[in-house]
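Under this note's numbering, the first residue of the sequence shown carries the number 5, and numbering increases by one thereafter.
Think of the CB as a built atom: it goes at the ideal place given N, C-alpha and C, for glycine as much as any other residue.
This report concerns only the one structure given below.
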Amino acid sequence: MNRSNLMRFFIFLITVAMVVNTASATMNVVVITDPTGKDPNGAAAGSQSWAENMFQSTFIMSKNDHFAVLSGGEGNETPRLGAIVSATNSLENGGTAAQAADLANGFSGIRVMDGGPTIGAAVGGYFLAYVVIVDANNTITITPYNGGLAVLPPGDRGAIIHLRNTPGNPQYGTADAVRLQTAEMMGEMIRDGYPATAVVAAAFKNVAINAGEKHGGGAVNLVSGITTGDMFTPPAYNTTGFSMDQPYSKVSPNGWSVAFPEADNYQTSPIDGTNLTTVYAYQALENAITVTANSVAVSVYGSDAPGITETTQEIVEASVIKNGYSNTQIASDINKAIGNGLLVGVNDVEPRDINVNQNQKAVGVYYTPLQDNRTSPPWNLPISSSILSILGNMQTAIGLILVILVLFRSTLISSFLKK
Numbered sequence: 005m006n007r008s009n010l011m012r013f014f015i016f017l018i019t020v021a022m023v024v025n026t027a028s029a030t031m032n033v034v035v036i037t038d039p040t041g042k043d044p045n046g047a048a049a050g051s052q053s054w055a056e057n058m059f060q061s062t063f064i065m066s067k068n069d070h071f072a073v074l075s076g077g078e079g080n081e082t083p084r085l086g087a088i089v090s091a092t093n094s095l096e097n098g099g100t101a102a103q104a105a106d107l108a109n110g111f112s113g114i115r116v117m118d119g120g121p122t123i124g125a126a127v128g129g130y131f132l133a134y135v136v137i138v139d140a141n142n143t144i145t146i147t148p149y150n151g152g153l154a155v156l157p158p159g160d161r162g163a164i165i166h167l168r169n170t171p172g173n174p175q176y177g178t179a180d181a182v183r184l185q186t187a188e189m190m191g192e193m194i195r196d197g198y199p200a201t202a203v204v205a206a207a208f209k210n211v212a213i214n215a216g217e218k219h220g221g222g223a224v225n226l227v228s229g230i231t232t233g234d235m236f237t238p239p240a241y242n243t244t245g246f247s248m249d250q251p252y253s254k255v256s257p258n259g260w261s262v263a264f265p266e267a268d269n270y271q272t273s274p275i276d277g278t279n280l281t282t283v284y285a286y287q288a289l290e291n292a293i294t295v296t297a298n299s300v301a302v303s304v305y306g307s308d309a310p311g312i313t314e315t316t317q318e319i320v321e322a323s324v325i326k327n328g329y330s331n332t333q334i335a336s337d338i339n340k341a342i343g344n345g346l347l348v349g350v351n352d353v354e355p356r357d358i359n360v361n362q363n364q365k366a367v368g369v370y371y372t373p374l375q376d377n378r379t380s381p382p383w384n385l386p387i388s389s390s391i392l393s394i395l396g397n398m399q400t401a402i403g404l405i406l407v408i409l410v411l412f413r414s415t416l417i418s419s420f421l422k423k
């Protein structure tokens, strides 16, 4: 993220803040399991809340510098945006996680949490948090902090979790107990060798179920530069994100998947009849940000129709495993899926619509939505559409003549016989 893009983002957020209600993440978490930065899943972060408009408070991530800035607090929108920009500028200019987070103390009621695989993590401003450190002997130390500045030093394995309850949450009053419970769970998982992406997903699950701060939000892989994007964030202003403790999709062993609520209509795969497994949102979050040998980060543009992103992800992953990072082959496989009815509402793609970055294991797919509420592209026939229109009009005319003949056959026959 460069300075000009940062300012554009800042202006955008100010504009949004003028027309929507206040949003405040009530859970922020950063986990670092490999402070060397070599493990592709060794650092992750994320936010969720009971509150609305989580797109304002989820995260800002730098793929180049491998850090994230999470925000929240009880202050107004403008101070929070100022704290976000100040912290991000600090990190971009070589500041430490502690220096960047400490800037939140200059803004009333605001919280900033930041971190990265080699810079450690910190939270500053207005917060209730635990810092978890797992030393070389696998001893777990959990320390509570109440405002000011709390730091997970560079070079240490550990985590920071902030958690409050949102007013109106039916589970209000649970945050203190769940904050400690989640910190203990994360420390044990880090000690036992789980990657940061799995630890973050487990924190999302535990907080969503036991503290009710469950609306995405989302998460980021700070080493590999992968995010959940808008998988869980609200679809419209002044609404809540996806509930992280709820079913998100159904998948089959062959990789076919369908998102809820459409998934309610499927019990088996339409491809081979195999049984479908329900994937909960916290599981989908872990899958989205965890790098495996066959992982591909897929970004979908041009369509927000339900199921498009998830199905495209599966198709691209299968294509890359079989044929490598070939935009021609990926386009061909996507078009086959469109032809088979697995992808609906989008036009066929061409190789130029597939942006491949093999070094980052990333693929961007640019769709063109169909017009007139069509679900599949028009057939590619060897005759022009104008001829089909003429034939259609001819058929209509012939049909009308036949109707007239049927309705008035007795009159016509009588008239003919008289002659």
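Per DSSP, the unbroken beta strand (DSSP E) holding D118 starts and ends at 114-120. As computed with DSSP, E56 is found in a beta bridge with T244. Of R168, M189, Q185, T186, the smallest CA-CA separation from A179 is found for R168. Between N331 and V360 the beta-carbon gap is near 5 Å, inside 8 Å, which marks them as a contact. Taking a 10 Å sphere around the C-beta of Y286, we find 16 or more other C-beta atoms and assign the residue as buried.
Listed in chain order, the non-local C-beta contacts of A72 below 8 Å within the same chain comprise V34, A49, F63, I64, M65, S66, D118, G119, G120, V224, L226, local neighbours out to five positions each way being set aside. DSSP places T82 in the helix class (H, G or I) of the three-state scheme.
Spanning the alpha carbons of V300 and G113 requires a straight line of approximately 39 Å. Taking a 10 Å sphere around the C-beta of P39, we find 16 or more other C-beta atoms and assign the residue as buried. Between V135 and T147, the C-beta gap is smaller than 8 Å, which places the two residues in contact. Fully contained in the region 159-211 are the following alpha helix (DSSP H) runs of length 4 or more, in chain order: 179-195. Using a Cβ distance threshold of 8 Å, I123 and T100 count as a contacting pair. Counted as a single uninterrupted DSSP element, the stretch harbouring L347 is not any alpha helix (DSSP H), since DSSP gives it neither H nor E. Positions of the beta strand (DSSP E) runs, each at least 3 residues long and wholly inside the region 267-293, are given as 281-284 in order along the chain.
A contact between stretches requires three or more CB pairs, one per stretch, nearer than 8 Å, and the region 241-253 meets this requirement with the region 276-292. For the region 308-335, the continuous alpha helix (DSSP H) assignments of 4+ residues that do not extend past its boundaries occur at 312-327, in sequence order. Look at G221 here: in three-state DSSP terms it is strand. Counting every other CB atom within 10 Å of its CB across the protein chains shown gives K326 a total below 16, marking it as exposed.
Between F208 and Q333, the gap from beta carbon to beta carbon reaches 8 Å or more.
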